[in-house]
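Notes follow the structure.
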């Protein structure tokens, strides 16, 4: 049977895929899409642009990303440049929190808040200036005494070396060797070159001190106005929380500094009595030094405070330095286990391990400033969180107190003996 033209066309035509949705997933060509099918911004269905053009949102997204990166870099640069100022403001804020209870009491009795703040800072400035003056005079007197007694010390050292090692040293030879040594010449040159650096550091320290004093004065004098300005941008529910946190911070910071001041007074009086009994010179100044340094420099303050009295006592008699060391160690134990818990139980109620950890973290973040303000900051945070954390009664379980619970599969030996005796009778 001969094939017709229609049969030949069917054999040469490519087979179409079966199913009504075989071509439904294919994106329509750009020329096959009518203007009614496009979006208002000219895009094809599926977000594609005709003729392979870039989507209109892509340039704006790139500009926004570049702007965010530039803003982050600028903010990071500004933060590193202003780190010193931010730390000074933080110190001033905590100092203002510490003096605010005294300022508020004076203001409640009718005194203007600015005048009350000025009086408090004036008393603190006079006390600090007096302490620095007494300490400087003591150090200057000891340096002069050491310089005047240096020939006698040198003669004693040379005599001991000659007797011990059978040498033949003379003081004149030692002095000439020191005066003509390269070490002394290099030391004098380095000291002369470092005078300018020391002067710059002293001026920088004075500027930072004035900055802290100015900010703390304004924080304390304008405390109510500052709280009002802060609460004005918050809803009423948040305002009560902010005011509560501020009140807790004032109580904890003031309580911490006042308790430390009381312990410094007790420590200073105790060490003054010892130094006065031993006949160590400058006993009042050394007592104040031990009290302040041991209480307001955490962790290592006790050792720094005891080093200077031991050195001064050693110049009087070597055994006096040993007595001072023994007294410092004993008093530190008395303070840690008896005095400090009673004085700080109500003001700063935090665990000693938490306090030690906070000091380490504060030192790592902000140095000596962080070590000083870490304990009141952690105490404030703990008290603020404790007001919002719900607590429950602890069950009467022996495991709470560290006791183990013995599990028994059946009655014990004594119980079985009692049961057998009861059955017998």
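In the numbering used here, the protein residues as written are 4 to 428. Where is the CB? At the ideal position from N, CA and C, for every residue including glycine.
Judged by beta-carbon spacing, residue 315 lies within the 8 Å limit of residue 284, meaning their Cβ atoms are closer than that value.
Secondary structure at residue 216: helix, using DSSP grouped into helix, strand and coil.
Here the alpha carbon of residue 384 sits roughly 31 Å from the alpha carbon of residue 271. Closest in alpha carbon position to residue 142, among 81, 289, 282 and 261, is 289. Where residue 78 is concerned, the enclosing alpha helix (DSSP H) starts and stops at 60-84. The three-state secondary structure of residue 147, taken from DSSP, is helix. In this structure residue 151 is exposed. Its beta-carbon is surrounded by fewer than 16 other beta-carbon atoms within 10 angstroms. By the criterion of at least three beta-carbon pairs nearer than 8 Å, the stretch 237-253 is not in contact with the stretch 112-128. Taking 8 Å as the cut-off, the beta carbon of residue 116 is found closer than this to the beta carbon of residue 224.
In the three-state scheme derived from DSSP, where H, G and I count as helix and E and B as strand, residue 170 is classed as coil. Sequence-distant partners of residue 295 (beyond 5 residues in either direction) whose C-beta falls short of 6 Å from its own C-beta, in its chain, are 267. With respect to residue 376, residue 360 sits apart: the two C-beta atoms are not nearer than 8 Å. Residue environment for residue 258: buried (at least 16 other C-beta atoms within 10 angstroms of its C-beta). DSSP places residue 327 in the uninterrupted alpha helix (DSSP H) bounded by 321-337.
By the criterion of a C-beta distance shorter than 7 Å, residue 281 is surrounded in its chain by 316, 323 and 326, once the five residues flanking it on both sides are discounted. In this structure, the alpha-carbon of residue 133 lies about 15 Å from that of residue 286. Boundaries cannot be given for residue 235, as no alpha helix (DSSP H) includes it and DSSP labels it neither H nor E.
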